[in-house]
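One point on numbering: in UniProt numbering, the residue at position 352 of the sequence shown is 352, and numbering is uninterrupted. Here's the structure, in structure tokens; my notes come after.
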Amino acid sequence: MSGKFDVIIAGGGPAGSSAAYILAEKGFKVAIIDKAKFPRKKLCGGLITDKTMKTLEKIYGCDEKNIIDNGLIDYEAAEYSVYYREHKIQDGTSPVPFRFVNREIFDYFLLKKAANAGAQIFTSEEIVHCNYQDAEIKTKSNKIFKGKYLLGTDGVNSTIRKFVPYDKKAWKENMASTIEITFDAKDYPREVKWPELYIGCLKAGYIWVFPAKDKVVVGIGSLNRCTTNFKATFMNFLKTQGVENPESIPLHGFPLPYGNYIKDPCYGRTILAGDAAGLVEPLFGEGIFYALQTGRYAAEAIAKGISENKNPAQFYIPRLQKYIFPEIIYSNRLRWTLFYSQRLLKHISFKIAFKSLPTKLAEMIHGIRSYKFLLKKYWD
Ligand SMILES: Cc1cc2nc3c(=O)[nH]c(=O)nc-3n(C[C@H](O)[C@H](O)[C@H](O)COP(=O)(O)OP(=O)(O)OC[C@H]3O[C@@H](n4cnc5c(N)ncnc54)[C@H](O)[C@@H]3O)c2cc1C
């Protein structure tokens with residue numbers, strides 16, 4: 001036995017680190033186990049919304065200035081552009097800026113926050129087995145860790161999830177694929193000053209061109225069951241951008257949960273949060289906020305469960321139902337409305353949506369308004 005803890009946290013991404021920080025601050029004995037050596041790379045556009053900033057403030061008690069002063073924000077811009085294929089359909093300005101982080105720096109910062117709060121960090125330790133009923137895991141190097149509870153925050157390919165009885169068919173049905181390339185800004189054929197979205201080249205997905213500090217991040221994401229010629233579509237797009245010989249650029253891809261969230265991610269003494277539970281917004285694929293927030297909800301539920309000798313699920317699930325699932329459900333409805341209507345009306349549906357409601361749509365992405373009828377959104 002390598003360690004007995006109150007809570008074992010599998011995976012030190014945003015979901016695991018935020019949970020570990022909260023539990024360690026409350027005085028619980030916590031271990032984060034991650035297969036990577038930090039700082040580690042993570043394929044990601046790095047866009048963070050206003051609700052993400054507010055959640056960082058809520059969890060870590062650091063205000064916006066503090067987050068910026070810590071060097072976490074790489075780039076920010078309030079403007080955005082939406083294109084149908086190569087034709088621009090809207091330039092807009094958001095009431096709050098879109099911000100961009102470098103995940104290598106951001107995730108390491110959050111992991112160090114958890115360590116400083118007292119969480120024990122075990123990196124380069126790959127979890128290979130889990131007993132979800134007993135909250136026990138085994139690593140590749142034969143270490144065994146046991147907790148009162150196990151939190152599975154080990155991302156989209158979660159090993160913990162493989163050992164719990166979840167609906168594998170439903171999970172597979174709504175998986176998306178992504179490819180992303182990071183260019184040095186000087187090598188990109190043109191200057192990119194704010195985020196750009198390109199729709200109309202995929203049945204259920206989109207292409208993004210994001211600015212970053214001295215970089216340009218170009219990515220494509222699409223629902224697997226609706227996708228044909230994924231790589232070719234991306235190559236053609238890069239050519240229209242003026243990228244020469246894009247086939248020679250090494251490509252990196254990663255799966256993305258895209259509407260396959262698990263409605264009841266609690267199994268025995270094990271709880272899933274973040275990507276491991278598919279908790280990602282299924283139109284734009286925003287996941288950093290959902291990882292931080294569901295990591296927080298899971299940690300607070302476990303803390304309450306241990307203190308009151310109750311099942312944490314009874315605190316975790318109602319909070320997901322009240323605050324998280326409505327966003328996922330309504331963003332999923334909006335995506336099918338937009339993606340189906342683009343087949344019939346080409347760019348017109350997007351043009352109508354973005355031209356009539358530019359501010360409200362930006363507020364919806366930022367979490368100021370809900371995906372549910374654009375009502376004002378209150379987060380707890
Ligand atoms: C191409 C792409 C672009 C994206 N762009 C954005 C964006 O711009 N904005 C946004 O909000 N979201 C974006 N996302 C989604 C976002 O990256 C994820 O939703 C987010 O990282 C989820 O955080 P997490 O903590 O749940 O998991 P992760 O960040 O994936 O962390 C999981 C951790 O678990 C560890 N782990 C995995 N398996 C094991 C194991 N067996 N044993 C031990 N450790 C393990 C990993 O090393 C990792 O550190 C993007 C995703 C992709 C693929």
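Yeah, the Cβ is synthetic: ideal placement off N, Cα and C, and Gly gets one too.
State the start and end residues of the unbroken alpha helix (DSSP H) segment that holds TRP336.
Along the sequence shown, read from residue 1 onward, the residue named residue 336 stands at position 336. Element bounds for TRP336: 325 to 345.
Pick helix, strand or coil for LYS146, following the three-state DSSP scheme.
Here residue 146 refers to the residue found at position 146 of the sequence shown. The answer is strand: DSSP assigns LYS146 an E or B state.
Is there a C-beta anywhere in chain C that falls below 8 Å from the one on ILE302?
The displayed structure is made up of one protein chain only, and chain C is not part of it.
Run the proximity test for ALA15: is its beta-carbon closer than 7 Å to any non-hydrogen atom belonging to ligand 1?
Here residue 15 corresponds to residue number 15 of the sequence shown, with the count starting at 1. Checking every heavy atom of ligand 1 against the Cβ of ALA15, one is found closer than 7 Å.
Quick one: is the Cβ of GLY152 within less than 7 Å of any heavy atom of ligand 1?
Position 152 of the sequence shown holds residue 152. No, the beta carbon of GLY152 sits no closer than 7 Å to any heavy atom of ligand 1.
Going by CA-CA distance only, name the one from TYR340, ALA277, ASN332 that's closest to ASN157.
Walking along the sequence shown from the start, residue 157 turns up at place 157. Considering only alpha carbons, the answer is ALA277.
If you follow the beta strand (DSSP E) that LEU272 is in, where does it begin and where does it stop?
Taking the first residue of the sequence shown as position 1, residue 272 is located at position 272. 270 to 272 is the extent of the beta strand (DSSP E) around LEU272.
Host alpha helix (DSSP H) of GLU281 (start-end):
By one-based count along the sequence shown, residue 281 stands at place 281. Looking at the DSSP string, GLU281 is not in any alpha helix (DSSP H), and its letter there is neither H nor E.
Nearest-angstrom Cα distance between ILE348 and GLU308?
Within the sequence shown, the letter at position 348 stands for residue 348. Within the sequence shown, the letter at position 308 stands for residue 308. For ILE348 and GLU308, the distance between alpha carbons rounds to 55 Å.
Minimum C-alpha distance to GLY221 - residue among LYS215, LYS213, ALA212, ILE199
Position 221 of the sequence shown, counting from 1, holds the residue named residue 221. Of LYS215, LYS213, ALA212, ILE199, the residue nearest in Cα terms is ILE199.
Which residue comes first and which comes last in the alpha helix (DSSP H) that contains ASN66?
In the sequence shown, the residue the question calls residue 66 occupies position 66. Its alpha helix (DSSP H) spans residues 64 to 69.
Taking the alpha-carbon of PHE262 as reference, which of LYS169, CYS62, TYR80, CYS130 has the nearest alpha-carbon?
Start at 1 with the first residue of the sequence shown, and residue 262 comes out as number 262. The sequence shown places Ile at residue 262, rather than the Phe named in the question. Cα-wise, what sits closest to ILE262 is LYS169.
Report the option in LYS29, SER17, LEU47, ASP34 whose CA atom is closest to the CA atom of GLY217.
For the purposes of this step, residue 217 is taken as the residue at position 217 of the sequence shown. Just to set this straight, residue 217 is Val in the shown sequence, not Gly. The residue with the shortest Cα to Cα distance from VAL217 is LEU47.
Is HIS366 closer than 8 Å to ASP50 when the C-beta atoms are compared?
The count along the sequence shown starts at 1 and reaches residue 50 at position 50. The count along the sequence shown starts at 1 and reaches residue 366 at position 366. Yes, the Cβ-Cβ distance between ASP50 and HIS366 is below 8 Å.
At least 3 beta-carbon pairs within less than 8 Å: the region 249 to 267 vs the region 310 to 320
yes
Alpha-carbon spacing of PHE350 relative to ALA303, whole angstroms:
Position 350 of the sequence shown, counting from 1, holds the residue named residue 350. Position 303 of the sequence shown, counting from 1, holds the residue named residue 303. Those two C-alpha atoms are separated by around 44 Å.
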